[in-house]
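Residue numbers (this note's numbering), protein chains in the order written: chain A, 27 to 328; chain B, 77 to 235. Built from N, CA and C at the ideal position, the CB exists for glycine as well.
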């Protein structure tokens, strides 16, 4: 009958302390690590280094899919590429038209509000990063991107795509960073309805096509089809980035709050590239006038 | 005598590395939910057949690497895997005399323990993102055990 903690050291014959004692030491170290990792603090630097140590392995693990994409791209036919170029050219023309109008609108807006000059863009600087790996499950919605602290990426930095807000940086290493998507069930994002100015919080649901707005009272003005933008509250995301489109509003008279669902505008299906943005910190949370944004006192329906 | 005592440290290193890769390689959602802990399986193997090659340190380090890789709380997998390694080492002489199929029962218990410890720590740190399917992992791991043990057995000369 072997006894825990004594069996191992018997054959070794005087090779230091028993397994039991050593396990005890490692267990204590583990618990201490867990405690301080959860608390945050000096272990963050250790994490930063470990992230760098593990980065080559992360690249290696994801190299088959990267190689496959590279091969597929290299062997794309001429017609396919031509079609893609045409499509991009069209998109660019449309965008140029919008931009032309925008300069005029901004000036007009500034004049209307009696400002001496147009407010600077909320986005000060941006950086393109490439997605290395995607983890999309009901438990976690995370991305690994090939930009990190060496590129100036910082924790809780906003990450967007051309379509809208994607998520924020949750952890950085020197060469890589981990991004939590807005659809992760642990993510919450302050948003605002463009049409009515109603401000609330959008929670991730764990499904990549759905956000939840659980804190909107029954009588607030939110309709299916409304576009949500970041409200700039919370000081993580700059004001006015598109987030999602409301798909369903359920008003159950028995509940005090409406149940609202929205589909995020940004996705990572079509694009392997994301944008890290640096917001201008000295701008007001929201550039709209207080009157326009103040949520009207809810209209009491008889 | 000296030769017989040489520990297969490189074999431990490379098999654990392969297990780590197998553990984190991207898989479709439904498959990755039931992916068994390959690290725990390989560590159990070495704990039984070469307990002095890696000691408790190798399991602990492998678990820590997994934590960093998956972005989990540091040392939660490290603690779980080293606990499993410790139990396997404590009774490794008895386990060596069993057939692979008999061992899979022990492996099943250990993988369940591993999963339970991780689950418990997640719950303790109010980070509970549990899918009930995770409890299928130990069963699949136990079924894979004979193959993994045979494969790992080819990397070193058994004493």
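- No Cβ of chain B is located within less than 7 Å of the beta carbon of residue 170(A).
- Considering only beta carbons, the part of the segment 88 to 118 of chain B lying closer than 9 Å to chain A consists of 93, 96, 97, 100, 101, 102, 105, 108 and 109, in chain order.
- By the CB criterion at 7 Å, residue 113(B) and residue 190(B) fall inside the cutoff.
- Contacts between residue 87(A) and chain B, judged by CB atoms closer than 7 Å, involve 97, 100 and 101 in chain order.
- Boundaries of the beta strand (DSSP E) harbouring residue 302(A): 299 to 305, taken from the DSSP string.
- Exclusion of the five residues before and after residue 130(B) leaves 88 and 122 as the residues of its chain whose Cβ lies within less than 6 Å of its Cβ.
- Residue-level contact check: residue 64(A) touches chain B, since one or more beta carbons of chain B fall below 7 Å from its beta carbon.
- For residue 147(B), there is no enclosing beta strand (DSSP E), since its DSSP letter is neither H nor E.
- Between residue 162(A) and residue 203(A), the gap from beta carbon to beta carbon reaches 7 Å or more.
- Close to chain A, meaning a Cβ-Cβ distance shorter than 7 Å, are the following residues of the segment 124 to 149 of chain B: 127, 128, 131, 132, 136, 141, 144, 145, 147 and 149.
- In the structure shown, the three-state DSSP call for residue 180(A) is coil.
- Within chain B, no C-beta atom comes nearer than 9 Å to that of residue 156(A); the closest sits roughly 16 Å away.
- Taken through DSSP and simplified to helix, strand or coil, residue 52(A) comes out as helix.
- Put simply, the backbone Cα of residue 293(A) is about 11 Å away from that of residue 269(A).
- Scanning 187(B), 120(B), 174(B) and 125(B) for the CA closest to the CA of residue 82(B) turns up 125(B).
- The Cβ atoms of residue 220(A) and residue 248(A) do not sit closer than 7 Å to each other.
- When Cβ-Cβ separations below 7 Å define contact, residue 76(A) makes contact with chain B.
- Following the DSSP letters along the chain, one finds residue 88(B) inside the alpha helix (DSSP H) bounded by residues 85 to 100.
- One thing to note: residue 52(A) has its Cβ within 7 Å of the Cβ of residue 132(B).
- With at least 16 other beta carbons inside 10 angstroms of its own, residue 185(A) counts as buried.
- A contact between stretches requires three or more CB pairs, one per stretch, nearer than 8 Å, and the segment 135 to 143 of chain B meets this requirement with the segment 154 to 168 of chain B.
- In the structure shown, residue 90(A) falls within a helical segment according to DSSP collapsed to helix, strand and coil.
- Residue 193(A): member of the beta strand (DSSP E) spanning 191 to 198, first to last residue.
- Per DSSP, the continuous alpha helix (DSSP H) segment holding residue 129(A) begins and ends at 104 to 138.
- Around the Cβ of residue 264(A), a 10 Å sphere holds 16 or more other Cβ atoms; the residue is buried.
- For residue 155(B), the nearest CB of chain A lies under 7 Å from its own CB, placing it at the interface with that chain.
- By the 16-neighbour rule on beta-carbons within 10 angstroms, residue 153(B) is buried.
- Between residue 208(A) and residue 191(A), the CB-CB gap stays under 7 Å.
- For residue 151(A), the beta-bridge partners assigned by DSSP are 304(A).
- Look at residue 286(A): its C-beta is not under 7 Å from any C-beta on chain B.
- Under the Cβ criterion (8 Å, minimum of three pairs), the segment 215 to 227 of chain B counts as touching the segment 178 to 188 of chain B.
- Looking at the backbone, the Cα of residue 111(A) and that of residue 197(A) are separated by about 36 Å.
- Rounded to whole angstroms, the separation of the alpha carbons of residue 76(A) and residue 148(B) is 13 Å.
- No beta strand (DSSP E) of 3 residues or more sits fully in the segment 150 to 175 of chain B.
- Boundaries of the beta strand (DSSP E) harbouring residue 290(A): 283 to 290, taken from the DSSP string.
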